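*Asks:*
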Amino acid sequence: MAFRSPYPLTLLFVPFLVSSAAMGQELHEDHPNSTVYRDYRPPDRTQLISPTDVANQLWEGLMLMRHANGGDPVAQEELGFRYFLGKGFAPDTVKAAYWMQKAADQNMSTAQYNFGVFLNNGWGVPWDPFRAYERFKSAAEDSLPEGEFAYGLFYTDNLVVPRDWATAYHWLKLADDAKYEPAHKLIAEFIRRGVPFGGDSTGHATSTHDSSSAQAAHSIEPLFLDYGPDRTSHVDDLTLLNEAFRQGNEKFREALGVSNIFEKGAKDTTALSVIESAASVGSPEALAVLGRCYERGTGVPRDRILAAEQYLRAARMDSRHGLALLLQLVREKGFAQEVETRTKEGDDDAAFVWAGLTELGLDNRLLPDQAFHLLEVAASHDHIPSLIELGRCYYTGQWTTRDPAIGAKYWRRAARDGSRDAEIRLAAAAVVSDSSSTDSALADTIHILTTGSGDGSSVAQLALGYCYQQGVGVAQNIPQAVRLYRDCAQRGSESAYNALKRMYDKLRPKGKEFDVDSVRSVGG
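Everything in the sequence shown is counted per my numbering, starting at 8 for the first residue and increasing by one.
Written out as structure tokens, the structure reads:
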């Protein structure tokens with residue numbers, strides 16, 4: 008909604024244009040027969056000089072500021088945008104938020120929505136999802152499609168208000184009816200995932216308006232919170248690739264963006280290489296894709312044990328699909344016997360898989376002590392997944408007495424053998440427990456976590472969220488912590504979701520509307 012100056016800068020140049028033309032006409036009239044002046048034109052050096060963009064911006068900025076200070080909500084919203092984008096003014100999110108709130112406080116629906124985005128992201132104002140909720144609610148009640156979409160999402164994650172699928176669907180459907188494409192796609196995704204909308208979720212909700220959406224980019228995203236096995240009966244290849252694509256770094260996305268590895272198979276060595284690299288860091292999405300490659304024999308020899316190993320590791324990382332994919336594999340004819348046979352033949356991958364299946368309760372042929380022993384034997388052969396798993400057991404007290412120091416020894420062994428996953432786990436443990444680290448050591452640790460998070464590690468992402476929340480090794484940045492936790496929770500991490508909820512609880516207003524614990528969520 009652009010604000011235009013009522014005083015065009017070009018008016019300042021009209022007198023010069025008139026005097027130049029008059030001068031030429033006067034010379035022609037004084038010397039009508041002169042060959043010199045007959046075809047006289049003003050020389051090139053007197054051509055008009057167009058005003059620069061900077062001059063235009065300065066003038067428009069001056070007029071805009073005048074109207075904004077005069078209380079014009081349109082000018083206030085535009086000024087907020089310009090401060091945010093650095094258009095005509097030095098970028099300043101605090102001033103951007105100030106002017107956006109000024110417009111929102113005058114009940115301008117688009118400004119209500121925009122200021123809600125500022126609050127939800129902590130841009131120029133303290134992060135406050137509850138105040139953001141109120142702004143989105145106002146925008147939704149004014150029939151703004153973006154507001155309806157954002158407001159509906161608040162009823163899906165059980166963080167600000169109790170989850171209520173019917174209410175969520177109502178508002179999302181209104182946005183969908185207004186041709187707001189993100190709402191249309193999200194409803195389809197919810198239905199695909201088997202979300203229990205309740206009531207009428209067949210597309211018959213009626214819209215209270217007939218407006219169209221500008222399809223503006225938004226920073227509000229849903230959390231698909233389902234920490235059990237995947238609801239869908241079949242996890243298709245495209246879903247795995249899409250989720251891996253979203254979470255991968257630039258190199259990863261570039262490789263997958265021009266490839267469907269499940270179609271090209273062994274011919275696409277570049278895509279397989281970047282998937283293996285991301286899996287080695289601890290990307291749950293890459294591990295799930297790599298497991299499918301081994302299950303299918305895509306680009307690698309078909310191997311159900313190696314497939315199960317990747318699925319197990321993905322499940323350990325809270326992969327959305329790791330457990331579902333593993334369950335499908337475990338149910339295949341002859342799989343259990345293959346695990347036992349290869350374990351007895353000294354196959355460390357099979358031993359790791361058997362121990363993992365035992366812990367998950369998917370195989371009852373071993374006692375816990377026997378499963379733990381299998382990991383110890385495989386670790387003695389420097390089997391990296393088993394070294395990492397034993398480290399986890401000692402850190403958590405699974406099957407043994409809790410002893411983080413011993414756990415760290417196993418991870419250091421794996422790290423010395425080149426495991427970035429183990430290196431990241433050591434870094435994550437350090438920032439949580441070691442407050443006596445030197446500044447240089449802490450800087451190295453933060454670098455490991457930052458790089459690991461960028462390369463797809465969910466452990467690094469979770470630990471980095473903690474660092475920004477607590478100000479460990481970095482300047483405290485609550486909005487950045489929220490973004491990291493939320494992204495990690497979106498990937499399936501229950502630990503990240505719980506950390507996020509604790510942050511919400513610190514700001515939670517009193518009252519039934521925001522009580523997500525004692526009030527049973529509807530449809531969930």
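From the three backbone atoms N, C-alpha and C, an ideal C-beta is built for every residue, glycine too. Given the structure is predicted, the values throughout are model-derived calculations rather than measurements.
1. Give the straight-line distance between the Cα atoms of Gly404 and Asp410, rounded to the nearest whole angstrom.
2. In this structure, how does DSSP classify His177 when only helix, strand and coil are distinguished?
3. State buried or exposed for Asp494, treating a residue as buried only when at least 16 other CB atoms are found within 10 Å of its CB.
4. Going by C-alpha distance, which of Ala118, Gln113, Asn114 is nearest Ala103?
5. Whose CA, out of Lys94, Ser116, Asn76, Gly95, lies closest to the CA of Tyr105?
6. Looking only at C-alpha atoms, which of Lys109, Asp99, Gly93, Gln476 sits nearest to His74?
7. So, is Ser240 buried or exposed, given that buried needs 16 or more other C-beta atoms within 10 angstroms?
8. CB Ala146 to CB Tyr120, shorter than 8 angstroms?
9. Identify whether Phe125 lies in helix, strand or coil by the three-state DSSP scheme.
10. Given this structure, state the Cα-to-Cα distance separating Pro92 from Pro98, to the nearest angstrom.
11. Please determine, among Val124, Asn128, Gly123, Ala437, the residue with the shortest C-alpha to C-alpha distance to Asn484.
12. Pick from Gly329, Gln317, Val124: whose alpha carbon is nearest that of Ser500?
13. What residue range does the alpha helix (DSSP H) around His191 cover?
14. Given this structure, state the Cα-to-Cα distance separating Gly472 from Gln487, to the nearest angstrom.
15. From which residue to which residue does the alpha helix (DSSP H) around Lys517 run?
16. Which of the three DSSP states, helix, strand or coil, is assigned to His454?
17. Give every residue of the same chain whose Cβ lies closer than 6 angstroms to the Cβ of Val523, excluding the five residues on either side of it in the sequence, and list them in chain order.
18. Return the chain-ordered list of same chain residues with a C-beta closer than 7 angstroms to the C-beta of Ala101, the five sequence neighbours on each side being excluded.
19. Please name the residue in Val167, Leu367, Phe96, Arg299 whose C-alpha comes closest to that of Phe521.
20. Would you tell me roughly how many angstroms separate the C-alpha atoms of Leu369 and Gln377, rounded to the nearest one?
21. Using only alpha-carbon positions, find the residue among Ala182, Leu319, Pro308 that is nearest to Ala293.
22. Give every residue of the same chain whose Cβ lies closer than 6 angstroms to the Cβ of Ser116, excluding the five residues on either side of it in the sequence, and list them in chain order.
23. On the three-state DSSP scale, how would you describe Phe521?
24. Comparing C-alpha positions only, which one of Glu84, Tyr140, Gly68 sits nearest to Leu514?
25. The alpha helix (DSSP H) spanning Lys416 covers which residue range?
26. May I ask you to report which of helix, strand or coil DSSP gives Asp494?
27. Just the Cα atoms here: how many angstroms apart are Tyr176 and Gln497?
28. Can you list, in chain order, the residues of its chain whose CB lies under 6 angstroms from that of Gly480, leaving out five sequence neighbours each side?
29. Ends of the alpha helix (DSSP H) at Met107?
30. Spatial neighbours of Ser393 within its chain, please: CB distance less than 6 angstroms, with the 5 preceding and 5 following residues excluded, ordered by chain position.
31. How many whole angstroms separate the CB atoms of Leu456 and Ala429, which I take to be in contact at a CB cut-off of 8 angstroms?
32. Taking just the CA atoms, how far does Leu373 sit from Leu333?
33. Relative to the alpha-carbon of Ala558, which residue among Arg311, Asp325, Met324 has its alpha-carbon at the smallest distance?
34. If we ignore side chains and look at the alpha-carbon of each, how far apart do Asn505 and Glu352 end up?
*Replies:* Quick answer:
1. The residue labelled residue 404 in the question sits at position 397 within the sequence shown. The residue labelled residue 410 in the question sits at position 403 within the sequence shown. About 7 angstroms.
2. As a first step, residue 177 must be located in the sequence shown, where it is residue number 170. The answer is helix: DSSP assigns His177 an H, G or I state.
3. If you number the sequence shown from 1, residue 494 lands on position 487. Of the other Cβ atoms in all chains shown, 16 or more fall within 10 Å of the Cβ of Asp494; this residue is therefore buried.
4. Your numbering for residue 103 matches position 96 in the sequence shown. Checking every option, the nearest Cα to that of Ala103 belongs to Ala118.
5. Residue numbering aside, residue 105 sits at position 98 when the sequence shown is read from its first letter. Tyr105 has its Cα closest to that of Asn76, out of Lys94, Ser116, Asn76, Gly95.
6. One-based indexing of the sequence shown puts residue 74 at position 67. The residue with the shortest Cα to Cα distance from His74 is Lys109.
7. Residue numbering aside, residue 240 sits at position 233 when the sequence shown is read from its first letter. Bear in mind that a pLDDT of 45 at Ser240, under 50, signals an unreliable position, so the model cannot answer this.
8. For the purposes of this step, residue 146 is identified with residue 139 of the sequence shown, where counting begins at 1. For the purposes of this step, residue 120 is identified with residue 113 of the sequence shown, where counting begins at 1. A contact, by the Cβ cut-off of 8 angstroms.
9. For the purposes of this step, residue 125 is identified with residue 118 of the sequence shown, where counting begins at 1. Helix, per DSSP.
10. Taking the first residue of the sequence shown as 1, we reach residue 92 at position 85. Taking the first residue of the sequence shown as 1, we reach residue 98 at position 91. For the sequence presented, residue 92 should be read as Leu rather than Pro. Spanning the two alpha carbons is a distance of roughly 6 angstroms.
11. Walking along the sequence shown from the start, residue 484 turns up at place 477. Taking each of Val124, Asn128, Gly123, Ala437 in turn and checking the Cα distance to Asn484, the smallest one comes out for Asn128.
12. What you label residue 500 is simply residue 493 of the sequence shown in a count that begins at 1. Taking only the C-alpha atoms, the option nearest Ser500 is Gly329.
13. What you label residue 191 is simply residue 184 of the sequence shown in a count that begins at 1. Counted as a single uninterrupted DSSP element, the alpha helix (DSSP H) harbouring His191 occupies residues 188-199.
14. As a first step, residue 472 is located in the sequence shown; it is residue number 465 there, counting from the start. As a first step, residue 487 is located in the sequence shown; it is residue number 480 there, counting from the start. Near 7 angstroms, if we compare the C-alpha coordinates of Gln487 and Gly472.
15. The count along the sequence shown starts at 1 and reaches residue 517 at position 510. Element bounds for Lys517: n/a, residue is neither H nor E.
16. As a first step, residue 454 is located in the sequence shown; it is residue number 447 there, counting from the start. In the structure shown, His454 sits in a helix (DSSP, three-state: H, G or I).
17. The count along the sequence shown starts at 1 and reaches residue 523 at position 516. Taken in chain order, the residues that qualify are Asn165, Pro169.
18. Taking the first residue of the sequence shown as 1, we reach residue 101 at position 94. Checking the sequence, you will find Val at residue 101 rather than Ala. Gly131, listed in sequence order.
19. For the purposes of this step, residue 521 is taken as the residue at position 514 of the sequence shown. The residue with the shortest Cα to Cα distance from Phe521 is Val167.
20. Looking up residue 369 in the sequence shown gives position 362. Looking up residue 377 in the sequence shown gives position 370. Roughly 15 angstroms separates the two Cα atoms.
21. Working through the sequence shown from its first residue, we reach residue 293 at position 286. Closest by alpha carbon: Leu319.
22. Within the sequence shown, residue 116 is the residue found at index 109, counting from 1. These residues qualify, in order along the chain: Ala146, Asp149, Leu151.
23. Residue 521 sits at position 514 when you count from the first residue of the sequence shown. DSSP places Phe521 in helix when its eight states are reduced to three.
24. Start at 1 with the first residue of the sequence shown, and residue 514 comes out as number 507. That would be Tyr140, whose Cα lies nearest to the Cα of Leu514.
25. In the sequence shown, counting from the first residue as 1, residue 416 sits at position 409. Here the alpha helix (DSSP H) through Lys416 covers 411-423.
26. Against the sequence shown, residue 494 aligns to sequence position 487. DSSP places Asp494 in helix when its eight states are reduced to three.
27. To locate residue 176, count along the sequence shown from 1; it is residue 169. To locate residue 497, count along the sequence shown from 1; it is residue 490. Whole-angstrom Cα-Cα distance: 20 angstroms.
28. Along the sequence shown, one-based indexing puts residue 480 at 473. For Gly480, where only same-chain residues beyond five positions count, the Cβ hits under 6 angstroms are Leu449, Ile453, Cys474.
29. For the purposes of this step, residue 107 is identified with residue 100 of the sequence shown, where counting begins at 1. Its alpha helix (DSSP H) spans residues 100-111.
30. Within the sequence shown, residue 393 is the residue found at index 386, counting from 1. Excluding residues within five positions, the ones whose Cβ falls inside 6 angstroms are Phe359, Leu382, Ala385, Ala386.
31. By 1-based counting over the sequence shown, the position of residue 456 is 449. By 1-based counting over the sequence shown, the position of residue 429 is 422. Actually they do not touch by this definition, with Cβ atoms about 14 angstroms apart.
32. Reading the sequence shown from its first residue, position 326 is the one you call residue 333. Reading the sequence shown from its first residue, position 366 is the one you call residue 373. Computed Cα separation, rounded: 18 angstroms.
33. Because the chain is modelled from 8 through 531, residue 558 falls outside the range shown and cannot be assessed.
34. What you label residue 505 is simply residue 498 of the sequence shown in a count that begins at 1. What you label residue 352 is simply residue 345 of the sequence shown in a count that begins at 1. So the two alpha carbons sit approximately 42 angstroms from each other.
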